[in-house]
Each structure stands twice: as structure tokens, then as C-alpha cells.
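Scroll down for the structure; my scribbles are underneath it.
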Amino acid sequence: MKELNMRWTGNTLWLAALLVFVHAAGCGGSEPAPQAPATGTDPAAATALGDSSITGTVTFDGTAPALPPLAMSADPACAKMHSAPVPSERLVLGNGNTMGNVIVYVSKGLPDGKTWPAPQTPVTLDQDGCQYKPHAQGIMVGQAYRILNSDGILHNVHALPKVNPTFNLPMLPTMKEQTVTFTKPEPVFQIKCDVHPWMTAYIGVFTHPFFSATGTDGKFTVSGLDPGTYEITAWHEVLGTQTASVTVGATDTKTQDFKFAMPAAK
Ligand SMILES: [Cu+2]
Numbered sequence: 322m323k324e325l326n327m328r329w330t331g332n333t334l335w336l337a338a339l340l341v342f343v344h345a346a347g348c349g350g351s352e353p354a355p356q357a358p359a360t361g362t363d364p365a366a367a368t369a370l371g372d373s374s375i376t377g378t379v380t381f382d383g384t385a386p387a388l389p390p391l392a393m394s395a396d397p398a399c400a401k402m403h404s405a406p407v408p409s410e411r412l413v414l415g416n417g418n419t420m421g422n423v424i425v426y427v428s429k430g431l432p433d434g435k436t437w438p439a440p441q442t443p444v445t446l447d448q449d450g451c452q453y454k455p456h457a458q459g460i461m462v463g464q465a466y467r468i469l470n471s472d473g474i475l476h477n478v479h480a481l482p483k484v485n486p487t488f489n490l491p492m493l494p495t496m497k498e499q500t501v502t503f504t505k506p507e508p509v510f511q512i513k514c515d516v517h518p519w520m521t522a523y524i525g526v527f528t529h530p531f532f533s534a535t536g537t538d539g540k541f542t543v544s545g546l547d548p549g550t551y552e553i554t555a556w557h558e559v560l561g562t563q564t565a566s567v568t569v570g571a572t573d574t575k576t577q578d579f580k581f582a583m584p585a586a587k
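Each residue of the sequence shown is one higher than the one before, starting from 322 at the first, in the working numbering.
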């Protein structure tokens, strides 16, 4: 079933879309297409976005630990791409200890019966300078995940999900891109390169578009929400997760900041 659950092409997104269609049409509904709710309402309303948003800033509280730079000297082809040591990606801070690479998403409270189609635009992961860029991000179920090899050297893309099928794609120096999709929602999981042990990325797969990853300014915005009370989760690869409950009305912009700290020494 692995090849049925996961599709990619080296070339064009339309072919991936065609395969999705063929699979959906010929495989007894193991992945039913999103449907409007059966009861009565306007189909457009079942997918329309709301007018409220939640925004905020994620910061690190305390003295940042000194982390060793990425050990790129293990592969001279990587080392020569950089004129200076490349800082660790484990904790990326901006001015004022704002935190990058935090994925913030709605984890509870979305209305039943509503569906959100995956955008036609792909989410991109590039292998650039022997780093995955971006380091952390979200994607929707069914949305194209376009994996580039700007480096033009040998990498591999080893995904370690627990719900979706795992995959391990070789990226030969001549391969410019591959595209995959994820078929099930799944909390954030790791993607790594087995050639270069320091290369790690993280991705979360969602059935909705209410997620955001912070840049080094620590800022996130989740928009398009209907009125309601939502649990939002902020995830970080080292410092774990935090949740908050936020209630929005019909046209609100609410602020919810998060603050992470190193766990207390035992
Ligand atoms: Cu690599």
C-alpha cells in the first residue's frame, strides 16, 4: 500500500494530481474526497474562511545555551559552501530572544462539518547549503510537498512520520526536485538526511490551514478563523509544546504570546 498512499513525480505537479485522481477513482474509497456536509447548508459556506485571526510572538525566557555549529566538515562538499561556521538550528533566536522554527497551530475547537481544501500551491523544502530550508513548517493533507535539491550534490530525504507512510528518497546530484503528498493529518515529525547527520527538518500535516511557523522574529499569525474557542499549540523541537485557549468573535484579531524556557535542571 505504500506506493498507493504516497505519490511523487520528479517532474510536474499535474501528473501527481492525475495519479491522485486515478487512485481516488479506482481504489474503493480508502481516501474519500472531501465532501460537503450532508445536511442542508450552502456548500460554499462549508469551505469558506472566517474573518478572525490569532497572532502572537514566541520568545525564549532565560540565557540561551551555547550550541556547537553544524558539523559540516564531515563533508567537504558542504563545508566549502560556507565561509563561516553555520550556527546550530536547535534553538534559533532573534533580537529580544524571539524564537524561530516554532510551529503554531489550531489543535482543538474547529467546527464540525467544515472542510478546507488544500491549496494548489506547493509547500517547498529545499536542500540548500547542506541545510533544509525552511527548518520547520506546516502543510495540509493532499498539498504538494515539493522537495528541491539546489545544492546539486547527493542528499536523501528520510521522513520519519508515525501515521503517514515513511519514505526515504535519494536525491542524486542531478535530481532537481521530487514531489510527495501526505494523506493523513499528523503532528510534527522529523525529516533527516542520512548522508549529513546534521540535516534535519520538521513538518506538521493538518486538515486545515490554521497553522504558522515563526521566523527569527518569533511572530506567527493564524487567520481565517470562524467565531469560537480554540486550543492553539506551539511546538518546538527541543523545548516541547505549549497550549493556550483563545476565544475569537466574528471579526477579531486576538493576541496570544508564548514563552519557552529550558527545563529545570534535575
Ligand atoms: Cu544531505
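Each residue gets a CB set at the ideal place from its N, CA and C atoms; glycine is no exception.
Quick caveat, the model's predicted, so the values are computed rather than measured.
For LEU391 and SER409, which I take to be in contact (beta-carbon distance under 8 Å), what is that distance rounded to the nearest angstrom? 7 Å
May I ask you to report which of helix, strand or coil DSSP gives ASN485? coil
Give the DSSP-derived three-state secondary structure of MET420 in the structure shown. strand
Ligand 1 heavy atoms versus the CB of VAL516: any closer than 7 Å? yes
Could you give the DSSP three-state label for MET492: helix, strand or coil? strand
Should ALA522 and TYR426 be called a contact, given that it needs their Cβ atoms to be closer than 8 Å? no
When every heavy atom of ligand 1 is checked, does at least one fall within less than 7 Å of the C-beta of MET520? yes
Is HIS456 near ligand 1, with its Cβ less than 7 Å from a heavy atom? no
Neighbourhood of GLY463 by C-beta, 6 Å cutoff - its chain only, sequence neighbours within 5 removed: ALA439 and THR502
Own chain, CB closer than 7 Å to VAL559, minus 5 neighbours either side, in chain order: ARG411 and LEU412
Under a three-way DSSP split, which group does SER373 fall into? strand
Name the residue from ILE512, HIS456 and ASP363 whose alpha carbon lies nearest to the alpha carbon of THR292. The requested residue 292 does not occur in the structure, where the chain is confined to residues 322 to 587.
Do you know how far the Cα of GLN577 is from the Cα of GLY525? 20 Å
When you compare only the Cα positions, how much space is there between GLY349 and GLY570? With a pLDDT of 37 at GLY349, under the threshold of 50, the predicted position of this residue should be treated as unreliable, though the coordinate-derived value follows. Looking at the two C-alpha atoms, the distance is approximately 41 Å.
When THR550, ALA480, THR572 and THR574 are compared against ALA565, the one with the closest alpha-carbon: THR550
Taking all protein chains shown into account, decide if VAL478 is buried (16 or more other Cβ within 10 angstroms of its Cβ) or exposed. buried
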